[in-house]
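For the sequence shown, the UniProt record's numbering gives the first residue as 3, with consecutive numbering after it. Note that the Cβ used here is the ideal one computed from N, Cα and C, for glycine as well. Quick caveat: nothing in here was measured; it's all calculated off a predicted structure. Step one of this worksheet: look at the structure below.
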Amino acid sequence: LIVQKYGGTSVGSVERIQTVAERVQAAVQAGNSVVVVVSAMGKTTDSLVKLASEISSQPSRREMDMLLSTGEQVSIALLTMALQERGQAAVSMTGAQVGIVTEARHSHARILRIETERVKRHLEQGQVVVVAGFQGISDAPDLEITTLGRGGSDTSAVALAASLQADACEICTDVPGILTTDPRLVPSAQLMTDITCDEMLELASLGAKVLHPRAVEIARNYGVTLVVRSSWTEDPGTKVTAPNRLPRPLEGLELAHPVDAIEFDTNQAKVALLRVPDRPGIAAQLFGTVAQQNLNVDLIIQSINEGNFNDIAFTVEKDVLEDAKNLASSLIPSLRGTSEDGDTVALVTDTQIAKVSIAGAGMIGRPGVAAKMFSTLAAAEVNIQMIATSEVKVSCTIAAEDCDRTIAALCNAFDLN
Ligand code: ADP
Ligand code: ASP
Ligand code: MG
């Protein structure tokens, strides 16, 4: 069983829909059961958003979902007709018909579960099931039509693949796969043959819209074999590799809580330069030199003291601590600068630290997750030394001796026991 998802450009015209139908039929003829998830044609969703804005300056989220969900309904019907025209048995289904049950939250609903019986029945009858992406329905009794957030068809596809335990989920799109950067901006961007879910999650959350971050998260949590490839060629594209982890129970498919992993690393050491004069170029000088020696820096923190001094601290792996320390101390004379700065710079190191991180795509757009981590540590009387954040991760360094109880406290706080 494979799940294939075709994006807006890929179903953007009658000809393209016919091309997709041809490819889907080829997959069936190769012996697969196929579920196809489609987006709205071309820029349909954008046009619908614009229409709404011409009617109302504050359209309600409920009516927006009602409106935007129509885009995908057009493409499922047309693609199904194209398949039937080719003699391929097929049936179209809306998110509600498929049983994609979501939170009752309009415009950004998360998927709670998928009731797959109906899809399975159609597959058993030899039909291709063509599913409207990006939409779902809230639980009874309300049965509200919901949408998953812009770009959410990817998430529909991966969630279906997880629920149906598909052999693979192919995200078919208008680029050959995941590239080193957006090819619209940098045409020479290179194709990656594979990328880990974690790297992809960072990329996606930073705005690489080639994959919806929540789709990557589901692939990671459920071990879905995920491939991003061109809708028009047979090239293999990019494999997004999931770590070997026990899949979670399907109940609460997209977790209601924002954090899905807590990680720790006790192999880091801290190097700090204290009372460095505050002037441009210091960080460039320090980290430029560190990089030249091929030392990988992980966390960096710069704190501003009163007067014209900063403390700069960074972490490296323990086995290169000596190198990093020698390097930092060799820089001290040049950091001292002018005589009025005084003879102030000091170097300290600490190997008794641990880096603790919380991670999850559910953190995106949910303020307060980092704050909850900090208050959890405060309640456990754990002192935070350094902090680094991304859209999908918050990392802190703490004393190594606090590591075990910090992990325990965070697992409790974020319901990950
Ligand atoms: P679809 O309609 O198929 O879902 P999207 O427009 O949502 O397609 O996503 C594909 C687009 O993502 C590409 O056309 C490309 O411009 C953009 N993109 C951004 N970053 C990357 C990247 N690193 N690799 C590939 N494509 C990227
Ligand atoms: N049609 C929706 C959008 O444009 C969903 C998607 O394409 O993934 O955001
Ligand atoms: Mg997309």
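Worksheet item: Does the stretch 325-333 come close enough to the stretch 396-416 that 3 or more CB-CB pairs lie under 8 Å?
Response: No contact exists between the stretch 396-416 and the stretch 325-333.
Discussion item. Taking 8 Å as the cut-off, does the stretch 301-314 touch the stretch 272-281 (at least 3 CB pairs, one atom from each stretch)?
Written reply: Judged by pairs of C-beta atoms under 8 Å, the stretch 272-281 touches the stretch 301-314, as three or more such pairs exist.
Worksheet item: Shortest alpha-carbon distance to K374 belongs to which of T408, T353 and A402?
Response: Residue T408 holds the alpha-carbon nearest to the alpha-carbon of K374 among T408, T353 and A402.
Worksheet entry | Nearest candidate by alpha-carbon position, reference V350, set K327, G364 and T157 | For V350, the nearest C-alpha among the options comes from K327.
Worksheet item: Among all residues, which have a Cβ less than 6 Å from at least one non-hydrogen atom of the ligand MG, and in what chain order do they fall?
Response: That query returns the following residues: G9, G153, D156 and K211.
Practice prompt. Run the proximity test for residue 2: is its beta-carbon closer than 8 Å to any non-hydrogen atom belonging to the ligand ADP?
Written response: Residue 2 lies beyond the range of the chain shown here (3 to 419); nothing can be said about it.
Practice prompt. Would you list the residues sitting across from R18 in a DSSP beta bridge?
Written response: None; R18 has no bridge partner.
Worksheet item: Going by other Cβ atoms of all chains shown within 10 Å of its Cβ, with 16 needed for buried, is L208 buried or exposed?
Response: Under this definition L208 is an exposed residue.
Worksheet item: Excluding the five sequence neighbours on either side, which residues of its own chain have a C-beta within less than 6 Å of the C-beta of A411, listed in chain order?
Response: Hits under 6 Å: T378 and A382.
Practice prompt. Put Q99 into one of helix, strand or coil per three-state DSSP.
Written response: Three-state result, Q99: helix.
Practice prompt. Would you tell me roughly how many angstroms separate the C-alpha atoms of M106 and T353, rounded to the nearest one?
Written response: The sequence shown places Ala at residue 106, not Met. Between the C-alpha atoms of A106 and T353 there is a straight-line separation of about 48 Å.
Practice prompt. Apply the 10 Å Cβ neighbour rule to L80 and answer buried if 16 or more other Cβ atoms are within range, or exposed otherwise.
Written response: So L80 counts as buried.
Item to complete: Identify every residue that forms a DSSP beta bridge with P279.
Response: Note: P279 sits in a beta bridge opposite F311.
Discussion item. Looking at the secondary structure, which residues open and close the beta strand (DSSP E) in which Q137 lies?
Written reply: From DSSP, the beta strand (DSSP E) with Q137 extends over Q137 to S140.
Fill in: S15 versus L150: straight-line alpha-carbon distance, rounded
Roughly 24 Å separates the two Cα atoms.
Worksheet entry | Pair within 9 Å by beta-carbon distance, L85 and V39 | Going by C-beta atoms, L85 is not nearer than 9 Å to V39.
Fill in: Residue span of the beta strand (DSSP E) that contains L162, given as start and end
Looking at the DSSP string, L162 is not in any beta strand (DSSP E); the run it does join, the alpha helix (DSSP H), is S155 to S165.
Discussion item. Given a cut-off of 9 Å on the beta-carbon distance, is the pair Q99 and R120 in contact?
Written reply: Yes, these two residues count as a Cβ contact at 9 Å.
Worksheet item: Should S155 go down as buried or exposed, given a rule of 16 or more other Cβ atoms within 10 Å for buried?
Response: Around the beta-carbon of S155, 16 or more other beta-carbon atoms lie within 10 Å, marking it buried.
Discussion item. Can you give me the C-alpha to C-alpha distance between T240 and A170, rounded to a whole angstrom?
Written reply: Straight-line measurement puts the Cα of A170 at about 13 Å from the Cα of T240.
Discussion item. Cutting at 6 Å between CB atoms, please list the residues of its own chain near A29, excluding the five before and the five after it.
Written reply: Result list for A29: V36, in chain order.
Practice prompt. Reducing DSSP to helix, strand and coil, say where K211 ends up.
Written response: DSSP places K211 outside both helix and strand once states are collapsed to three, so it counts as coil.
Discussion item. Under 8 Å, with one C-beta from each stretch per pair, do the stretch 212-231 and the stretch 171-186 reach the 3-pair mark?
Written reply: Taking 8 Å as the limit for Cβ pairs, the verdict is that the stretch 171-186 does touch the stretch 212-231.
Worksheet item: Since E56 is in the alpha helix (DSSP H), which residue starts that stretch and which ends it?
Response: The continuous alpha helix (DSSP H) containing E56 extends over residues T46 to I57.
Worksheet item: M388 by DSSP, collapsed to three states: which one?
Response: Three-state DSSP puts M388 in a strand.
Discussion item. Taking the beta carbon of D404 as the centre, do at least 16 other beta carbons fall within 10 Å, making it buried, or is it exposed?
Written reply: Per the 10 Å Cβ criterion, buried.
Discussion item. Could you check if S55 belongs to the surroundings of the ligand ASP, using beta carbon to heavy atom distance under 8 Å?
Written reply: For the ligand ASP, not one heavy atom lies less than 8 Å from the Cβ of S55.
Item to complete: Compute the Euclidean distance between the alpha carbons of P369 and E74, then round it to the nearest angstrom.
Response: C-alpha separation (whole angstroms): 31 Å.
Item to complete: Mind reading off the beta-carbon distance from I284 to L337? Whole number of angstroms is fine, and I expect it under 8 Å.
Response: Right, their Cβ atoms sit about 7 Å apart.
Discussion item. Quick check: the Cα distance between L162 and T391, rounded to an integer number of angstroms?
Written reply: Those two C-alpha atoms are separated by around 31 Å.
Worksheet item: In three-state DSSP terms, what is D237?
Response: Three-state result, D237: coil.
Item to complete: Please report the Cβ distance between C199 and V218, rounded to the nearest whole angstrom; I am assuming they are in contact, meaning their Cβ atoms lie under 8 Å.
Response: Their Cβ separation, rounded to whole angstroms, is 6 Å, which keeps C199 and V218 in contact under 8 Å.
Item to complete: Flag this pair as yes or no: are the beta carbons of Q270 and L301 separated by less than 9 Å?
Response: In contact: Q270 and L301 (Cβ atoms closer than 9 Å).
Fill in: Opening and closing residue of the beta strand (DSSP E) in which S359 lies
Unbroken beta strand (DSSP E) run through S359: I355 to A361.
Worksheet item: Do you know how far the Cα of I389 is from the Cα of E265?
Response: The straight-line gap from Cα to Cα measures roughly 14 Å.
Discussion item. Taking 8 Å as the cut-off, is the C-beta of A73 nearer than that to any heavy atom in the ligand ASP?
Written reply: The question names Ala, but residue 73 in the sequence shown is Gly. Yes, Cβ of G73 sits closer than 8 Å to a heavy atom of the ligand ASP.
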